[in-house]
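Notes follow the structure.
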Amino acid sequence: MNALRPEDRIAGLLARRDFGARVVLHGWVRTKRDSKGGFSFVELNDGSSLAGVQVVADGSLENYESEVLHLTTGASVRVEGELRESPGKGQAVEVLAASLEVLGTVENPDTYPMQKKRHSMEYLREVAHLRPRTNTFGAVARVRNRMARATHDFFQSRGFLYVNTPVITASDCEGAGEMFRVTTFDLANVPRGADGRPDFAEDFFGRETSLTVSGQLEGETHACALTNIYTFGPTFRAENSNTSRHLSEFWMIEPEMAFCDIEGDMNLAEEYIRHLFRTVLDDCPEDMEFFGKWIDGTVVDTLTHIADSPFERLTYTEAVELLKRSGEAFEYPVEWGADLQSEHERWLTEKHVGRPVILRDYPRDIKAFYMRQNDDGKTVAAMDVLVPRIGEIIGGSQREERRDVLERRMRETGLDPETYWWYLDLRRYGTVPHAGFGLGFERAVQFVTGLGNIRDVIPFPRAPKSADF
RNA sequence: UCCCCUGUAGCUCAAUCGGUAGAGCGGCGGACUGUUAAUCCGUAGGUUGUUGGUUCGAGUCCAACCGGGGGAGCCA
Numbered sequence: 009m010n011a012l013r014p015e016d017r018i019a020g021l022l023a024r025r026d027f028g029a030r031v032v033l034h035g036w037v038r039t040k041r042d043s044k045g046g047f048s049f050v051e052l053n054d055g056s057s058l059a060g061v062q063v064v065a066d067g068s069l070e071n072y073e074s075e076v077l078h079l080t081t082g083a084s085v086r087v088e089g090e091l092r093e094s095p096g097k098g099q100a101v102e103v104l105a106a107s108l109e110v111l112g113t114v115e116n117p118d119t120y121p122m123q124k125k126r127h128s129m130e131y132l133r134e135v136a137h138l139r140p141r142t143n144t145f146g147a148v149a150r151v152r153n154r155m156a157r158a159t160h161d162f163f164q165s166r167g168f169l170y171v172n173t174p175v176i177t178a179s180d181c182e183g184a185g186e187m188f189r190v191t192t193f194d195l196a197n198v199p200r201g202a203d204g205r206p207d208f209a210e211d212f213f214g215r216e217t218s219l220t221v222s223g224q225l226e227g228e229t230h231a232c233a234l235t236n237i238y239t240f241g242p243t244f245r246a247e248n249s250n251t252s253r254h255l256s257e258f259w260m261i262e263p264e265m266a267f268c269d270i271e272g273d274m275n276l277a278e279e280y281i282r283h284l285f286r287t288v289l290d291d292c293p294e295d296m297e298f299f300g301k302w303i304d305g306t307v308v309d310t311l312t313h314i315a316d317s318p319f320e321r322l323t324y325t326e327a328v329e330l331l332k333r334s335g336e337a338f339e340y341p342v343e344w345g346a347d348l349q350s351e352h353e354r355w356l357t358e359k360h361v362g363r364p365v366i367l368r369d370y371p372r373d374i375k376a377f378y379m380r381q382n383d384d385g386k387t388v389a390a391m392d393v394l395v396p397r398i399g400e401i402i403g404g405s406q407r408e409e410r411r412d413v414l415e416r417r418m419r420e421t422g423l424d425p426e427t428y429w430w431y432l433d434l435r436r437y438g439t440v441p442h443a444g445f446g447l448g449f450e451r452a453v454q455f456v457t458g459l460g461n462i463r464d465v466i467p468f469p470r471a472p473k474s475a476d477f
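Written out as structure tokens, the structure is:
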């Protein structure tokens, strides 16, 4: 029994018109409609497309009374039959079963969590092992997959090397939030030094280690040798964030380009996002139409619009001026030097321009140490891509390539240059201007699908107090 | 972590002022029909999140805890 080929899957079958052909198909029952007139309609889905195929099972099947009539949503079957033009509405083709083998019944139909009805997203999250069997989560899985492939296509076609940066890191401060510790210590009996603190020299790696919050610093090492690279891997943040757009474990794409400045960084970010949207619109029209109909009526138009038009670009300073002049009654005042609040970002993307906005040149005091100092002495060459509804989808910057400036900045922000010796070496030996950014993959999927909660665009969401499955 | 809302049947929800726990969907049984979220009739299904408190009496009021949602902060 080999893996099914695309042409043997339901999506392939639905495209065929060679009526009369003998076909074999496999899938899970979505609905069944019986006719005591002697036959049943069994709708099968195998995840290859949103649409399923209607199987006509008539009373002549030897197991019609004993098995077919008792099929319920969720049962798995193998069908052999004939491809026919469908006389019914809603589908062009159907399969008249010559045999219908039940591979797996649903043991307790009254408590099977997936019913032939709409379920709430909150409920489906509690049955994450079965939710991919729904229309919504099947569509999310296909779109997510297509976006992952589009990511590799985009960077590969531009000569970027895919680099795998470590998941376990010893960088104790990457400037991006709380980290999950990695240890093999028996937590009930942690070795301690004379000062009473855990003695990490005794731990597995002989030092304190954590799960990565970003592959950027390691990515820079390869950009400073191979020129253009990107990472695409899991990222972990132990922040106690309870929102619809944060996860404790998420996937991030981080390109890093040598011989590239902040302008090039923004150009690439914009191209990349538009490539993602265009690809999904072109290749997943059925799933996108579904999201438009059931999740968010505006997604298709919004994506089309964004794919076809340039992003708005503003400096942080210009954005602050706009916000101050907006006449909007914000809960938090807008002040140069302070981070923009959610309400400010939303006003900019949703009300002011109505599409993505790239903000650049932020005050250096609210940004990370590695961002390149601008000549004004006050700002750094940082950029954020903000989109309506989600907010920040990309954060990036031109990196500080001047060793003395970088080292000074590290000291100012309380970091010990010693621990970043290898990062500083990149500036010591053949330093080059370089830039990069990080895109939150789930936020991109969330934006594309229109789903309201980021926990519904990753198969098994991890969030504070939530690591089921 | 903070603010607000919320937890009742497998699911989505109702239950007036504190007074016998209800419906739709789903399941099961039947009827009917080339059906499409099929339709119609019948039927089973409950420790009202947990613990404690107030009360003659608590799904309802109070407290703590646990879970869920929305918003904020942190960020991608």
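Quick note: the first sequence uses my numbering, first residue 9, plus one each step. Each residue gets a CB set at the ideal place from its N, CA and C atoms; glycine is no exception.
Name, in chain order, the residues that DSSP records as bridge partners for TRP259. PRO242
field: Residues that DSSP places opposite ILE402 in a beta bridge
entry: For ILE402, which the question treats as bridged, DSSP gives the partners VAL393, LEU447.
ARG435 and ARG410: beta carbons closer than 8 Å? yes
*Provide the residue span of the alpha helix (DSSP H) that contains PRO371, from first to last.*
Not the alpha helix (DSSP H): PRO371 falls in the beta strand (DSSP E), residues 365-371.
Could you say which of ALA100, SER165, PHE193, ALA83 lies nearest to LEU91 if we only look at CA atoms? ALA100
Since ASP5 is in the alpha helix (DSSP H), which residue starts that stretch and which ends it?
For residue 5 there is no data in the structure shown, the boundaries of the chain being 9 and 477.
Ranges of the alpha helix (DSSP H) found wholly within the segment 190-249, counting only runs of at least 4: The qualifying runs are 224-234.
* To do: Would you decide whether THR177 is buried or exposed? Buried here means 16 or more other CB atoms lie within 10 Å of its CB.
  => buried
Here's the rule: buried if 16 or more other CB atoms are within 10 angstroms of the residue's CB, otherwise exposed. What is SER57?
Answer is buried; the Cβ neighbour count reaches 16.
On a CA-only basis, which of LEU432, GLU450, ALA11 is nearest HIS254? Give me that one, please.
-> GLU450
Rounded straight-line distance, which links the Cα of PHE212 to that of PHE240: 26 Å
Next on the checklist: Along the chain, where does the beta strand (DSSP E) containing THR39 start, and where does it finish?
Outcome noted: According to the DSSP assignment, THR39 belongs to the beta strand (DSSP E) that extends over 30-43.
Tell me whether the beta-carbon of TYR494 lies closer than 8 Å to the beta-carbon of ASP273.
A query on residue 494 cannot be resolved here, the shown segment of the chain reaching from 9 to 477 and no further.
With DSSP as the reference, identify every bridge partner of MET296, one or two as the case may be.
DSSP, once it has assigned bridges, lists no residue as partnering MET296.
_Beta-carbon proximity list for ILE374, same chain, < 7 Å, skipping 5 on both sides_ = ASP347
Inset, instruction - Using only alpha-carbon positions, find the residue among GLY28, ARG154, GLY45 that is nearest to ALA93. - result: Per the sequence shown, residue 93 should be read as Glu rather than Ala. That would be GLY28, whose Cα lies nearest to the Cα of GLU93.
* As assigned by DSSP and simplified to three states, the class of TYR170 -> strand
Problem set entry | First and last residue of the uninterrupted beta strand (DSSP E) at LEU77 | Where LEU77 is concerned, there is no enclosing beta strand (DSSP E), given that its DSSP letter is neither H nor E.
- prompt: ASN53 bridges to which residues according to DSSP?
  reply: TRP36
- Query: Can you name the start and end residues of the alpha helix (DSSP H) that GLN164 belongs to?
  - Reply: 143-165
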